[in-house]
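Residue numbers are given in this note's numbering: position 20 of the sequence shown equals residue 159, and the series is strictly consecutive. Where is the CB? At the ideal position from N, CA and C, for every residue including glycine. Quick caveat, the model's predicted, so the values are computed rather than measured. Take a look at the structure below.
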Amino acid sequence: MKQSNGYIDLESRVGEGTTFSIYFPGIPGESIREAPRDREPQTDQGTESILVVEDDDEIRRLMERALARRGYSVVAAAHPGEAILVSERHSEPLDLIVADIGLPIMSGSDLVQRLRSDRPGLRALFVSGYSEKAPDLPESAFLAKPFTEAVLAAAVRRLLDVGRPAK
Numbered sequence: 140m141k142q143s144n145g146y147i148d149l150e151s152r153v154g155e156g157t158t159f160s161i162y163f164p165g166i167p168g169e170s171i172r173e174a175p176r177d178r179e180p181q182t183d184q185g186t187e188s189i190l191v192v193e194d195d196d197e198i199r200r201l202m203e204r205a206l207a208r209r210g211y212s213v214v215a216a217a218h219p220g221e222a223i224l225v226s227e228r229h230s231e232p233l234d235l236i237v238a239d240i241g242l243p244i245m246s247g248s249d250l251v252q253r254l255r256s257d258r259p260g261l262r263a264l265f266v267s268g269y270s271e272k273a274p275d276l277p278e279s280a281f282l283a284k285p286f287t288e289a290v291l292a293a294a295v296r297r298l299l300d301v302g303r304p305a306k
């Protein structure tokens, strides 16, 4: 950095994260052009209702925000007991559950089977940061942590679209 006469600016906010900005001096005589942006239509948007169950507060909030920004109606729970209560009190249909496999008390797969007794056809996206074997349940998929918001949104959209006629 010093050798190139650049510097790093650091901004950190509790509960929001940290931003590193890296600055290098420009080359004299060269103008800065913005790279062309090929805007692809966003195909990861939706209006379906999703239950997110994750015991890590930060990851749960990240998933909740990422999906809500894409138009989904999101309810969240920190553990299986809370998820069961949310499901029982949620009068609207739930289209999908995004659940960590390694939840405390009850595994994500056991939770999905329990919720499906009241909500048959509930689709499930299992997530995990460990190399556990993905549950072999119908209408489900697996996503390994870490993942980006875009990867999460794409996996959710793919799973919700399985078996639906193309638009």
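**Message:** Going by DSSP in three states, V237 sits in which element: helix, strand or coil?
**Reply:** Within the sequence shown, numbered from 1, the residue matching residue 237 stands at position 98. Reduced to three states, the DSSP call for V237 is strand.
**Rounded straight-line distance, which links the Cα of L298 to that of H218** = For the purposes of this step, residue 218 is taken as the residue at position 79 of the sequence shown. For the purposes of this step, residue 298 is taken as the residue at position 159 of the sequence shown. Those two C-alpha atoms are separated by around 23 Å.
**Item:** D195 burial status per 10 Å Cβ neighbour count (16 or more: buried)
**Value:** For the purposes of this step, residue 195 is taken as residue 56 along the sequence shown, with counting starting at 1. By the neighbour-count rule (16 or more Cβ atoms within 10 Å), D195 is not buried but exposed.
**Request:** Within the same chain, show all residues whose beta-carbon is closer than 6 Å to that of E179, passing over the 5 residues directly before and after it, in chain order.
**Result:** Taking the first residue of the sequence shown as position 1, residue 179 is located at position 40. Unreliable placement is indicated for E179, whose pLDDT of 49 sits below 50; the coordinate value is still reported in the next sentence. Excluding sequence neighbours, E179 sits near nothing in its chain.
**Message:** Let me check you understand the geometry: is the CB of G260 closer than 7 Å to at least one non-hydrogen atom of the ligand NAD?
**Reply:** With respect to small molecules bound, the structure shown includes none, and the ligand NAD cannot be examined in it.
**Message:** What does DSSP give as the partner residue(s) for V214 in the beta ladder?
**Reply:** Position 75 of the sequence shown holds residue 214. Paired residue(s): L190.
**Request:** Would you mind working out which of G247, V295, T182, L242 sits nearest P274, comparing C-alpha positions?
**Result:** Along the sequence shown, one-based indexing puts residue 274 at 135. Taking only the C-alpha atoms, the option nearest P274 is G247.
**Asked** Does the count of Cβ pairs from the region 227-238 and the region 252-272 closer than 8 Å reach three?
**Response** The region 227-238 is in contact with the region 252-272.
**Asked** Looking at the structure shown, is L224 part of a helix, part of a strand, or coil, going by DSSP?
**Response** Counting from one through the sequence shown, the residue named residue 224 turns up at place 85. Helix at L224.
**Message:** Whole angstroms are fine: how far does the CA of F286 sit from the CA of V192?
**Reply:** In the sequence shown, counting from the first residue as 1, residue 192 sits at position 53. In the sequence shown, counting from the first residue as 1, residue 286 sits at position 147. Straight-line Cα distance between these residues: approximately 16 Å.
**Prompt:** Contact check, Q212 vs S230 under 8 Å by CB: the rounded distance?
**Reply:** Residue 212 sits at position 73 when you count from the first residue of the sequence shown. Residue 230 sits at position 91 when you count from the first residue of the sequence shown. Residue 212 is actually Ser in this sequence, not Gln. Wrong, their Cβ atoms sit about 12 Å apart, outside the cutoff.
**Request:** Measure from the alpha carbon of S160 to the alpha carbon of each residue in G154, I147, S151, then state which is nearest.
**Result:** Start at 1 with the first residue of the sequence shown, and residue 160 comes out as number 21. When only C-alpha atoms are compared, the closest one is I147.
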